[in-house]
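Notes for the one structure printed next.
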Amino acid sequence: MTAVRVSADPDTGVAVVTLDRPARLNAIDLSMAGELAAAWRALRYDDTVRAIVLTGAGERAFCTGIDRDAVVPQPSSPYMQDDPLLGIGPKTNDLWKPVVAAVRGMACGGAFYLLGEVDFVVADPTAVFFDPHTTYGMVSAYESVLMAQRMPFGEVARMMLMGSAERISARRAHQIGLVSELTEPGGALAAARACAAVIARYPAEAVQGTVRALWAAREGALAQGFAQAPHLVSLGNLPAHRQAQLFAARRSGEFRTR
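Count the sequence shown with my numbering and you get residues 184 to 441, in order.
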């Protein structure tokens with residue numbers, strides 16, 4: 184059963200990529216990570232698709248990052264680390280067609296691997312953004328680097344360091360520029376589709392060249408940050424059993440939204 188749905192409208196030139204594991208809050212397991220990479224790479228070859236919307240199924244979450252039940256084998260060497268989420272974004276897969284995210288509900292942790300590689304974000308009032316890594320004894324490395332390209336430094340630092348104790352509301356995300364448009368309840372997908380349809384009407388070469396130019400402005404900082412990330416994760420993460428203990432001890436509802 185597929186965990187990533189892709190539907191395309193040939194009349195508008197817009198495709199919608201949907202994370203389709205609502206029962207798991209659209210958390211990404213290893214199979215889903217592979218499906219996402221395959222979907223982005225397939226869209227590179229479909230010239231009828233000129234703009235893309237990325238969204239999550241269900242009302243509770245856009246994506247909650249890596250599935251806690253996913254088992255990720257790791258090399259024994261401290262110099263090598265496998266992160267399955269590093270390959271799930273459109274830019275990582277050499278897709279330079281514009282991608283607009285439509286966010287409803289939670290977007291947290293590993294969701295930022297995706298939001299860090301879209302071109303802009305549309306959200307409805309239910310959207311909330313947070314990163315629980317530090318709460319559970321993990322370094323927020325790649326997520327921090329990606330979000331530092333989208334948000335003011337102090338806002339990124341606060342989100343990453345406050346962990347699961349605090350969530351950024353859709354309203355606040357809009358104020359700080361993480362979200363470009365705040366819609367009525369349930370309106371994020373339609374608004375993102377409307378933006379994508381406008382972009383899809385323009386000459387594809389000019390649009391894709393613009394996407395590539397915008398990303399080029401970010402690549403240097405990302406490369407430097409990503410180069411440090413594996414070492415920081417290796418040094419700073421608690422052992423897996425301690426992370427699991429902290430996660431199991433969490434108390435639902437103990438957070439503030441700002």
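Cβ atoms here follow ideal geometry from the backbone N, Cα and C, with glycine treated the same way.
Excluding the 5 residues flanking residue i on each side, which residues of the same chain have their C-beta closer than 6 Å to its C-beta?
i	result
MET343	ASP314, SER323 and SER327
ALA210	THR247 and ASP250
ARG439	GLU349
MET330	PHE295 and VAL339
LEU429	TYR319 and GLY320
ASP203	ALA186, ARG188 and ALA240
What residues in its chain sit with their C-beta under 8 Å from that of residue i, if we drop five residues either side in the sequence?
i	result
ALA373	THR366
LYS274	GLU300 and TRP398
ALA222	VAL187, VAL189 and VAL200
ALA225	VAL189
Restricting to Cα atoms, I'd like to know which of the options is closest to residue i.
i	options	result
VAL282	GLN264, SER260 and THR238	THR238
THR201	GLU437, GLN428, TYR262 and MET215	MET215
ALA290	ASP277, ALA353 and GLN358	ALA353
ALA383	PRO193, THR185 and LEU208	PRO193
TYR325	ASP302, GLY272, VAL311 and ALA377	GLY272
MET345	THR317, ASN276, ALA396 and ALA387	THR317
GLY270	TYR262, GLU218, ASP302 and ARG227	GLU218
ARG441	TYR262, PRO335, TRP279 and ARG341	ARG341
THR393	ALA198, ASP302 and ASP252	ASP302
LEU278	PHE312, PHE245 and ALA220	ALA220
ILE359	PHE336, ARG376 and SER347	PHE336
VAL232	GLY196, SER417, ALA410 and ALA389	GLY196
Give the secondary structure of residue i by DSSP, where H, G and I count as helix, E and B as strand, and everything else as coil.
i	result
SER323	coil
ALA310	coil
ILE359	helix
ARG224	helix
GLU437	coil
SER352	strand
ALA285	strand
GLU367	coil
ILE211	strand
GLU234	Checking the sequence, you will find Ala at residue 234 rather than Glu. Correct three-state label for ALA234: strand.
TYR385	coil
So, at 7 Å on beta carbons, what are the nonlocal neighbours of residue i in its own chain, with the 5 sequence-adjacent residues on each side left out?
i	result
GLY369	ASP307
ALA371	ALA285, VAL286, ARG287, VAL305, ALA306 and ASP307
GLN257	GLN264 and ASP265
ARG207	ASP250
ALA404	GLN332
Any idea which residues DSSP pairs residue i with across the strands?
i	result
PRO246	Residue identity check: residue 246 is Cys in the sequence provided, not Pro. Answer is ALA290.
LEU202	VAL187 and GLY239
LEU372	LEU372 pairs with nothing; no bridge assigned.
ASP192	VAL197
PHE303	VAL283
Quick one: is residue i near chain D, going by C-beta distance under 8 Å?
i	result
LEU268	Given the protein chain composition of this structure (a single chain), no chain D is represented.
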